[in-house]
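At position 257 of the sequence shown (counting the first as 1) the number is 258 in my numbering, and the numbers step up by one without a gap. All C-beta atoms, glycine included, are put in the ideal place defined by N, C-alpha and C. Bear in mind that the values here come from a model prediction, so they are computed numbers and not experimental data.
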Amino acid sequence: FITAQTAHFESPRELPRSWLFMYSPIITTAEGIKLFLEMDPESEYIAKMARYILNARKNGRWRNTYENAKAIDGLVDISLKREANPPKYTSTIFIAGEEVVKHLFKGYTYKPQEKFIPISKLPKGLNDIIISKKGSGRLYYTLSYSYRLKGPQPSRTEGFSIKRTVRNKDTEKVIVEYGKNPPKQVKIDAGDIIEVELEFLVHQTGYHLIIDDPIPAGLEAIDASLKTTSTRYKTGTSESVSRGSRRNPIDHTELRDDRVGLYVHFITPGIYKYRYLLRATSSGLFFWPGARISLMYEPEQFGRSSEGFISVLE
């Protein structure tokens with residue numbers, strides 16, 4: 002599996018269950034690094050595989066001692082065969098011919114150099130970004146761009162897909178579905194309790210997955226874990242797995258004033274669902290941005306549901 006920033010291998014799922022602790026994407030990718038170093042030591046995929054392995058750590062380590070040993074073995078081979086000489090070079094970045102950042106890299110450092118440029122400072126039209134290096138050693142870089150589109154947008158699938166379904170909690174009737182295309186404006190009454198179901202599809206094994214679902218103004222999340230919450234809604238928040246895993250993968254949940262956030266450290270391919278409750282508290286017309294799913298360290302791998310407007314009536 003190859004993405005803009007990483008690459009990794011996965012073992013066939015037909016392998017015996019007794020082999021479960023002897024293989025994983027980390028172990029297989031570490032072996033892939035050793036193979037590429039022998040066949041094509043200058044391959045661009047070696048750095049991508051190393052990044053994948055490093056991103057998969059939790060609290061500075063991998064899932065078990067065998068993964069730790071295999072991962073370190075592969076990374077040490079990279080340092081011996083590709084990083085034997087400490088870097089010493091100057092890197093410069095130009096946008097539209099204008100220098101925006103310049104830095105001297107001498108020896109190994111654990112702190113990357115970052116430069117944030119607001120969109121108002123970017124030149125208009127089509128322009129080149131040039132990254133230059135003078136000196137010896139390897140230069141590793143990440144170039145990212147964040148944006149927000151105006152108005153209700155259709156869904157987007159860039160490695161993941163997510164759909165939001167809204168139901169009336171009392172009648173269980175579907176009010177609106179934010180799937181592929183922006184739906185028509187929907188109406189609910191102030192005081193209504195609605196159930197939001199997020200269904201997301203994962204195509205490959207992933208680490209550090211984030212699901213972010215904005216809450217429109219005029220509605221608020223119901224925290225079923227609080228003792229002050231009516232017992233009528235204690236079963237409101239739940240998770241389910243349709244395919245691909247034997248457990249609920251969600252490690253952390255946050256119910257905030259303006260959004261619901263989920264975090265998953267490790268997830269396998271499958272279809273997953275998460276449900277939570279909202280209460281309509283204020284009347285008015287409100288925009289409901291799309292739910293978004295992405296990898297924390299590879300945001301270019303993402304999915305977004307469609308968007309639309311919801312009207313709360315007095």
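Considering only C-alpha positions, which residue in the set the options is nearest to residue i?
i    : options                   : result
G192 : N182, N169 and L202       : N169
E301 : P250, V203, S312 and S145 : S145
S147 : G160, S156 and F117       : F117
V177 : I94, I54, S44 and V197    : V197
T66  : F106, V102 and M23        : M23
S312 : R62, A281, M297 and R293  : A281
Q6   : E173, L199, I54 and N249  : I54
P250 : Q186, L202 and D74        : L202
Y298 : T29, I47 and R52          : R52
K122 : V101, G108 and K112       : V101
K188 : L263, D78 and W289        : W289
I47  : D74, N69 and I79          : I79
G152 : K174, N128 and Q186       : Q186
Please work out which residues of its chain come closer than 6 Å, Cβ to Cβ, to residue i, disregarding the five sequence neighbours upstream and downstream, and give them in chain order.
i    : result
S295 : I211 and F303
G245 : For G245, the predicted structure reports a pLDDT of 49, less than 50, and the residue's modelled location is therefore unreliable. A value from the coordinates is still provided. These residues qualify, in order along the chain: T269, P270 and G271.
P13  : none
F2   : H9 and Q205
Within 10 Å of its beta-carbon, does residue i have 16 or more other beta-carbons around it, so buried, or fewer, so exposed?
i    : result
G237 : Reliability fails at G237, whose pLDDT of 44 lies under 50, so the model's placement of it is uncertain and the value that follows must be treated cautiously. Looking at its Cβ environment, which holds 16 or more other Cβ atoms inside 10 Å, G237 is buried.
F161 : buried
T110 : exposed
Y275 : buried
D213 : buried
S307 : buried
R139 : exposed
A72  : buried
L278 : buried
Y273 : buried
L150 : exposed
K164 : buried
D190 : exposed
I195 : buried
D171 : exposed
Near residue i, what residues of its chain come up, given a Cβ to Cβ distance below 7 Å and the 5 sequence neighbours on each side ignored?
i    : result
Y208 : N56, A57, H266 and F267
A158 : In the sequence under discussion, the amino acid at residue 158 is Thr, which differs from the Ala named in the question. Result list for T158: G304, in chain order.
Y142 : I132
E315 : A191 and S284
T30  : H9, F10, M50, Y53 and I54
K181 : P155, S156 and S307
With a Cβ-Cβ cutoff of 9 Å, do residue i and residue j count as a contact?
i    : j    : result
I34  : L76  : yes
A225 : R257 : no
P217 : F287 : yes
G309 : S156 : no
I94  : S133 : yes
A97  : P124 : yes
G219 : G285 : yes
A8   : M40  : no
T166 : E200 : yes
S25  : R64  : yes
Are the C-beta atoms of residue i and some chain D residue less than 9 Å apart?
i   : result
P42 : Judged by its chain identifiers, the structure shown contains no chain D, having just a single protein chain.
Excluding the 5 residues preceding and the 5 following residue i in the sequence, name in chain order all residues of the same chain whose CB lies nearer than 8 Å to its CB.
i    : result
R260 : D213, D214, P215 and I216
T91  : K103, H104, L105, F106, K134, K135 and G136
I130 : I94, F95, I96 and L144
K82  : L38 and P42
G108 : P87, P88 and K89
Complete runs of the beta strand (DSSP E) confined to the region 63-125 [at least 3 residues]: Fully enclosed beta strand (DSSP E) runs of 3 or longer: 89-96 and 99-107.
Those runs of the beta strand (DSSP E) which lie wholly inside the region 169-230 and span at least 3 residues: Counting only runs of 3 or more, we get 175-179, 187-190, 194-203, 207-215 and 220-223.
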